[in-house]
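Okay, so here's the structure we're looking at.
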């Protein structure tokens, strides 16, 4: 598919995304920049609900469609719809019970595991959340055909899944008290990643249309954001035993991946992440209360020097500073402009200064 109603230059944008993944430069860096075309875009922000009735989901899709039609997708920005039951949805597919907030905007799992020896974490095709997710993803892909694509869901797999069903503090103690049991249960969880990703990929027609995730980088192939937020609580030694093999396995299955590195406490693991050959890019998020991304040039340069791509989420003015410091290779910009003119002016600036 080379043409979308809300992205007439989709074919050209694909070329820039391919250049990003291959660490090549055409005539500027890869840029995902959006801007409102009218007041509808400002009022109707795209959103997803943690749990919807079928009627509500129809409204979600219609509202998103109106927003997309009222939004400028400049340069390499791709219009996509992403649905979520919340950050712990992966765990819920394996049997955990989700508690949904009253506003239906998020959810969480109440930890229930008391003994790993009695636990079996496995996808059940009759799981209600799983069936609903496949239904919604498929329905969104049919609704958006020819207009926008459907995105890959948030997959908090590997030890994030264990953290959800056990509780982070308890899981930290388990690493010390019963590491062999964790080795066994990690094998269970790791075996579920491919069938879950594959089913979502097929339900969302991503095989034909390409794939994009909550980090908005597009890829023609199997793509996902790879992550383990829990690892900020453990040492590199323990992460090398329990986390890195799982991350490497997920990245090896995918055609393209970006690792979400969240928070200053996770920086101790950066070298190990960069050493994984199949990780294509790293998104660095400093975390709440920390200096903004533009003040972490040393980390970004380290990522690029390791021949990994990176995401630069920033303002229009910050983008020019990043460009002068980092250059165009292996970066993609994620920017919200105030108008189509501001977006087009920045795209022209990049071409002139690359």
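Residue numbers (our numbering): -16 to 337.
Even for Gly, the Cβ is constructed at its ideal location relative to N, Cα and C.
Spatial neighbours of residue i in its chain, beta-carbon cut-off 6 Å, leaving aside the 5 residues before and after
i, result
"residue 242", "209, 256, 262 and 265"
Reduced DSSP secondary structure (H/G/I, E/B, other) of residue i
i, result
"residue 179", "helix"
"residue 119", "helix"
"residue 201", "coil"
"residue 35", "coil"
"residue 283", "helix"
"residue 318", "strand"
"residue 330", "helix"
"residue 256", "helix"
"residue 293", "strand"
"residue 206", "strand"
"residue 211", "coil"
Proximal residues to residue i (C-beta, below 8 Å), its chain only, five neighbours per side dropped
i, result
"residue 297", "276, 277, 305, 316, 317 and 318"
7 Å CB neighbourhood of residue i in its chain, flanking five on each side removed
i, result
"residue 216", "151 and 155"
"residue 234", "209, 240, 259, 261 and 262"
"residue 226", "141, 142, 211 and 214"
"residue 326", "16, 18, 55, 57 and 320"
"residue 20", "53, 54, 55 and 323"
"residue 172", "104, 140, 141, 144 and 145"
DSSP bridge partner residues for residue i (one or two, in chain order)
i, result
"residue 244", "267"
"residue -10", "-13"
"residue 91", "82"
"residue 16", "57 and 318"
"residue 132", "63"
"residue 155", "DSSP output for residue 155 lists no bridge partner at all."
Whole-Å CB distance - residue i paired with residue j, under 8 Å assumed
i, j, result
"residue 57", "residue 89", "Residue 57 to residue 89, Cβ: 30 Å. No contact."
"residue 168", "residue 145", "7 Å"
"residue 99", "residue 106", "No, residue 99 and residue 106 are not in contact; Cβ-Cβ is about 18 Å, not under 8 Å."
"residue 334", "residue 11", "5 Å"
"residue 147", "residue 79", "6 Å"
"residue 237", "residue 206", "6 Å"
"residue 311", "residue 8", "5 Å"
"residue 123", "residue 73", "Not really, about 19 Å apart at Cβ, beyond 8 Å."
"residue 83", "residue 33", "5 Å"
Min CB distance residue i to chain D below 7 Å
i, result
"residue 243", "Structure shown: chain D not included; a single protein chain is present."
- Cβ pair count under 8 Å reaching 3, the stretch 188 to 205 against the stretch 132 to 146: Yes, the stretch 188 to 205 is in contact with the stretch 132 to 146.
- Task: Could you tell me whether the stretch 36 to 52 touches the stretch -3 to 9, using the rule of 3 or more Cβ pairs below 8 Å?
- Result: Contact between the stretch 36 to 52 and the stretch -3 to 9 is absent, because fewer than three Cβ pairs lie under 8 Å.
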